[in-house]
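Listed in order, the protein sequences are those of chains A and B.
Just so you know, this note's numbering puts 164 at position 164 of the first sequence, and the rest follows in order with no gaps.
Add 1000 to a position in the second sequence, counting from 1, and you land on the number used in this note's numbering.
Below: one structure, written as structure tokens.
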Amino acid sequence: MAAVEISNIRKSYGDVLALSGINISIPSGSFFTLLGPSGCGKTTLLRTIAGFHQQDSGGIGVEGQAIEHMPAHKRDVGMVFQDYAVFPHISVYDNIAFGLKQRKVAKREIAERVSKILKVVQLTPYASRMPHELSGGQQQRVGLARALVINPKVLLMDEPLSNLDAKLRVDLRREIRSIQQSMNMTTVYVTHDQEEALAMSDIVCVMYGGIIQQAATPLEVYNNPSNRFVASFVGANNFFELTLSPSGASIAGLSVNLPQAAKLASGETVVAAIRPEYISINPDTTTPETVTLTAKVRQVSFTGRELTVAAVLPSGEEIEAITAPSADILALHPDDQVTLAFPADKVQLYADGVTGARLS
Amino acid sequence: MTSLAANAFSGKLRLPGFWTVVTILAVLLLAVFLILPILNVFAISFFDAKSGELGISNYIQVFTRRYYTTALWNTLLIGVLGMLGACLIGVPLAFCTSRYRIRGRAVIATFAVLVLCAPPFIGAYAWIMLFGSNGAVTNFLEAFGINVPTIYGIPGIVLVFSLKFFPYIYLMTENALNTINKSFEDAAENLGCTTFERFMKVTLPLVFPAVSTGAIICFVLSIADFGTPAILGHGVRTLSTIAYSQYTSEMAGTPTMAVTISMVMIAISMGALLLQRRILAKRRYAGAMTSRPVKKSMSRAKSALVHGFCYLVVFIAMLPSFTVVYTSFLETNGPVFTGGFGLDSYARIMRDSPAAIANSFMFALAAVVLIAIVSGLLSFIVVRRDNFVAGSLDLLLMVPYLIPGIVMAIGYVATFRHPPFDITGTALIIVLIVFIRRLPYGVRSTTSILRQIKPSIEEAAVNLGASPAKTFTSVTVPLMMPGLIIGSLMSFITAINELSSTLILYTSKTITMPVLIYIQVIDGEFGTAAALSTVLLVSTGLCVFAVFRLSESKESAFV
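In structure tokens form, the structure reads like this:
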């Protein structure tokens, strides 16, 4: 049985449709991430599950119980907030014990459960501290412990790492994932950081314009985006116009051999996408299965592990390639002519428009 | 099982939530104690004073009869001149303290706040003691054959208002000047402005919203003030003094003309406020605080001049308070000062009027307790609840600022004199009117602190299982406490100094210190009036001190 079952949720603010036709089924114990740009509806959906927003229509079930009309304080779902929301006027211990006291748990059991969860989030020495004596990362651990200690049916996390600095973010995300796995806690996680989503999740659910674009495993979302929005939002990607004529397909005036374009009607507007890591620069050999384009270098930037080459096609479209660092490529100057090559089967085709459908 | 659970929480069976109940109660409270009295005043004004017929005959009288038109004209003149006077003192003072290094800036700010909080009528009668026809300064100068211009009439009233209300302009403008990004002024200079051009073209427009907000407060307070024109007027009538005298002469019947005049006063205040809002609507400046203004040091001569100006201004403004305290320690024989020093006046107020002192403290405390409770709940509705009622409550809480005390009191008498709800002549009616008139001070303080508390903290409590009511008491109230305390202190200051509404509502049993002071000043009993005023000044001063200790924003908490 799915731990969380969301059916046909719809939510609007006046004329603005914030969520529409949301159907999600989250298996018990899995880490489910809502990913999307700001304004896509991911936080609205999370807060609707928590009961802070009332949906216009639709149902929310948690472990078989319908909760969509319950007041927020009776839903028994734990929540971790973006700005920590640690109560500033009580100690770390009292913060964590807050939910247990509301549930009228016996004093001795509270002490046991709090000290156990303090150990899990590695805050045992800080139990009697006040929140203002803690760093941001420590405060967020308090927030996490406070939500976990009540044994919620589902844990909701609203961009919990976005206020932390980059290094701490990576450390804490590993920790959250391992705690979640060891407790087998069904989790709904909201983020706009696609790397974070890919690294932590069992299922990534990409949202845009209040609609679910794709929900699948991280690998599937990256390798097999269901539409152009997912292809552009998850990972870096290059897009250019593919011209279809009776004589064949062409990009920026150069004819290309793309078997996947064969079935498409001539005259249709089609967008071709290739990830930057598949593009090689000035390769020694090419095969018939390779697409080659010529472009003008705009900028070469070295970031340590890799090199990014930004170039412009004759059509004016921009293209970016990521390669291993090499002296030859580093020596390129702006306006140098280069040959860009990539395997034809890595090219994916989409219909025109922000959420254009996958055509290949 | 799913359908069962869904039924249990379906819309029909749900009880109204905690905040829905509180909102309904708040609306009822404001409807009965704020809206109803005002509507009553409004309604009475449309029934002819003599015949009782429905119509606008009363308004025609107010706008045509000389008695009323002179008062109307005087009121507007005093309001505008008092406002301009306050600007002429407040803006330069703010500029000096924010742009130059002033020694003892804290002293200047503290004096400004004390001037603001001192009972308004003290100024009027202290100036009489100094510059009146038998004043100390007048007599001193006349000994040398110098004639002092009269303090009575419009010039005197305007002088008192300018010196009394300039702190609003000063504190607001100084705060605005301190938060202007210095880069704007640097850019103006870089683009070729002289210092004076820069001030006129960049600095002044940027602080205009603050100056105009302060100015509008001065205007509204000037036209509503009763004590000053009543004491200093000497034949110069204003709308508030004729409203009062009409009310007292109409005591037996319906105070129709007093009420009509009151409506005109409200209309003027509202007109002024709307005008200012309209002007301000087009001026919204996004400001990024990247570089704070720096304070310049000055040449020795300039420094002496600037310091001299700043200290002179606050000294003159504090002069009435100093005079009052000094006078309270003079020996008197009846209304006559004998020349020596002593505690005679204090002995007399302890003997003759302990009730007034006790009443003042009790009424103010009771009102403040009510204010603290109601403002805590109201500010939560205003800040956290996003609905039509919350929006209108916010607007409604502006109303007490605009309604002169006399008007509100007449409304209370008209509304609450019918059995079984007849509460006229009781302590309750005074506590209630002071409560409703000073409620906005409390709400403003709690609202501003609540806006700083992140809603997610309350959501976290709800998420962990605390009901809305429990969340409010266990999380919101403790976090709101500093604002609640400061708001209570500020409403206490204004509550204990309340004169204009209590003067209409008091009886011999419910007399308060400000009312007694007013009566004694009219009777020429300056000694005991001074002793009572000193008691008020000291309690006010203690509250100001407490706010300074508790509030991070110090003097700007008062405007």
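All C-beta atoms, glycine included, are put in the ideal place defined by N, C-alpha and C.
On a predicted model such as this, the values are computed, not experimentally measured, just so you know.
Best match in the options for proximity to residue i [C-alpha to C-alpha]
i, options, result
"B/Tyr-1247", "B/Met-1490, B/Ile-1266, B/Val-1041", "B/Val-1041"
"B/Leu-1505", "B/Arg-1417, B/Thr-1494, B/Arg-1451, B/Leu-1550", "B/Arg-1417"
"A/Leu-349", "A/Ala-341, A/Phe-342, A/Arg-358, A/Cys-40", "A/Arg-358"
"B/Phe-1337", "B/Ala-1026, B/Met-1129, B/Val-1160", "B/Met-1129"
"A/Glu-133", "A/Lys-119, A/Ala-145, A/Ile-90, A/Glu-318", "A/Ile-90"
"A/Pro-288", "A/Gly-316, A/Phe-302, A/Ser-255", "A/Ser-255"
"A/Pro-27", "A/Lys-74, A/Asn-224, A/Thr-286, A/Thr-186", "A/Thr-186"
"B/Tyr-1059", "B/Thr-1020, B/Trp-1019, B/Met-1257", "B/Met-1257"
"B/Asn-1359", "B/Ser-1448, B/Val-1407, B/Val-1434, B/Ile-1373", "B/Val-1434"
"A/Ala-72", "B/Phe-1421, B/Pro-1468, B/Thr-1540", "B/Pro-1468"
"B/Leu-1114", "B/Val-1544, B/Arg-1549, B/Ser-1328", "B/Val-1544"
"A/Ala-272", "A/Ile-150, A/Met-183, A/Ala-351", "A/Ala-351"
"A/Thr-285", "A/Leu-340, A/Leu-100, A/Ser-301", "A/Leu-340"
"B/Ala-1546", "B/Ile-1485, B/Val-1535, B/Glu-1498, B/Tyr-1152", "B/Ile-1485"
"A/Leu-242", "A/Leu-313, A/Ser-280, A/Ala-236, A/Gln-194", "A/Leu-313"
"B/Asp-1048", "B/Val-1259, B/Leu-1450, B/Val-1443", "B/Val-1259"
"A/Thr-290", "A/Asn-282, A/Val-149, A/Ser-12", "A/Asn-282"
"A/Lys-296", "A/Val-338, A/Ile-322, A/Phe-239", "A/Val-338"
"B/Thr-1502", "B/Ile-1406, B/Val-1477, B/Ala-1460, B/Ser-1539", "B/Ile-1406"
"B/Val-1207", "B/Thr-1173, B/Leu-1239, B/Leu-1221", "B/Thr-1173"
"B/Leu-1378", "B/Phe-1161, B/Val-1022, B/Phe-1018", "B/Val-1022"
"A/Ser-266", "A/Ser-247, A/Gln-260, A/Lys-101, A/Thr-44", "A/Ser-247"
"A/Ala-3", "A/Asp-15, A/Leu-19, A/Ile-24, A/Ala-310", "A/Ile-24"
"A/Gln-299", "A/Ala-66, A/Leu-332, A/Asn-237, A/Arg-146", "A/Leu-332"
"B/Pro-1255", "B/Gly-1017, B/Lys-1050, B/Met-1513", "B/Lys-1050"
"B/Ile-1436", "B/Gln-1061, B/Glu-1459, B/Pro-1400", "B/Pro-1400"
"A/Gln-140", "A/Ser-115, A/Arg-169, A/Ile-150", "A/Arg-169"
Supposed close pair residue i, residue j - CB separation, criterion 8 Å
i, j, result
"B/Val-1325", "B/Leu-1537", "7 Å"
"B/Ile-1038", "B/Gly-1411", "6 Å"
"B/Tyr-1168", "B/Gly-1214", "4 Å"
"B/Met-1480", "B/Gly-1376", "6 Å"
"B/Gly-1487", "B/Thr-1446", "5 Å"
"B/Met-1318", "B/Phe-1111", "5 Å"
"A/Phe-362", "A/Val-206", "Nothing about residue 362 of chain A can be reported from this structure: the residues present for chain A run from 1 to 360 only."
"A/Met-79", "A/Ala-97", "The Cβ separation is near 17 Å, so there is no contact."
"B/Ser-1222", "B/Met-1083", "6 Å"
"B/Ser-1240", "B/Met-1265", "7 Å"
"A/Asp-361", "A/Ser-12", "This structure gives no information on residue 361 of chain A, because the portion of chain A shown stretches from 1 to 360."
One or two residues paired with residue i in a DSSP bridge
i, result
"A/Ser-250", "A/Thr-243, A/Ser-255"
"B/Lys-1296", "B/Tyr-1100"
"A/Val-309", "A/Val-300, A/Ala-321"
"B/Ala-1460", "DSSP lists no partner for B/Ala-1460."
"A/Ser-280", "A/Ala-341"
"A/Ala-272", "A/Phe-240, A/Leu-349"
"A/Thr-286", "Answer by DSSP bridge pairing: none, since A/Thr-286 is not bridged."
"A/Lys-367", "With chain A covering 1 to 360 only, the question about residue 367 of chain A has no answer from this structure."
"A/Met-79", "A/Leu-156"
"A/Leu-214", "The amino acid at residue 214 of chain A is misidentified as Leu; the sequence shows Gln. Partner(s): A/Val-206."
"A/Ile-6", "A/Ile-24, A/Ile-60"
"A/Val-291", "A/Phe-342"
"A/Asn-227", "A/Ala-357"
3-residue-minimum beta strand (DSSP E) runs that sit fully inside the stretch 30-75 of chain A, ordered along the chain: 31-35, 57-62
Proximal residues, the stretch 99-122 of chain A versus chain B, C-beta separation under 8 Å: Gly-99, Gln-102, Arg-103
Residues in the stretch 1449-1468 of chain B having any Cβ partner in chain A nearer than 8 Å: Lys-1454, Ser-1456, Ile-1457, Glu-1459, Ala-1460, Ala-1461, Val-1462, Asn-1463, Leu-1464, Gly-1465, Ala-1466, Ser-1467, Pro-1468
Ranges of the beta strand (DSSP E) found wholly within the stretch 1311-1367 of chain B, counting only runs of at least 3: 1330-1333, 1336-1341
Contact residues within the stretch 1471-1491 of chain B, judged by C-beta distance below 7 Å to chain A: Val-1475, Pro-1478, Leu-1479
Every unbroken beta strand (DSSP E) inside the stretch 1119-1175 of chain B [3 residues or more]: none
Selection of the stretch 251-277 of chain A by Cβ proximity to chain B, strictly under 7 Å: none
Sequence ranges, alpha helix (DSSP H) only - wholly within the stretch 1047-1119 of chain B, length at least 4: 1057-1064, 1066-1099, 1105-1117
Length-filtered (4 minimum) alpha helix (DSSP H) runs lying within the stretch 109-180 of chain A: 136-148
Cβ-based contacts, 8 Å cut-off: residues of the stretch 142-153 of chain A near chain B: Gly-143, Arg-146, Ala-147, Ile-150
Short-range partners of chain B found in the stretch 39-72 of chain A, where Cβ spacing is below 9 Å: Arg-47, Ala-50, Gly-51, Phe-52, Gly-59, Gly-61, Gly-64, Gln-65, Ala-66, Ile-67, Glu-68, His-69, Met-70, Pro-71, Ala-72
Chain-ordered residues of the stretch 168-189 of chain A with a beta carbon less than 8 Å from chain B: none
Inside the stretch 177-209 of chain A only - alpha helix (DSSP H) runs reaching at least 4 residues: 194-200
Start-end ranges of the beta strand (DSSP E) lying completely within the stretch 1482-1514 of chain B, minimum 3 residues: none
Alpha helix (DSSP H) segments (min. 4 residues) lying fully within the stretch 1181-1216 of chain B: 1182-1190, 1195-1198
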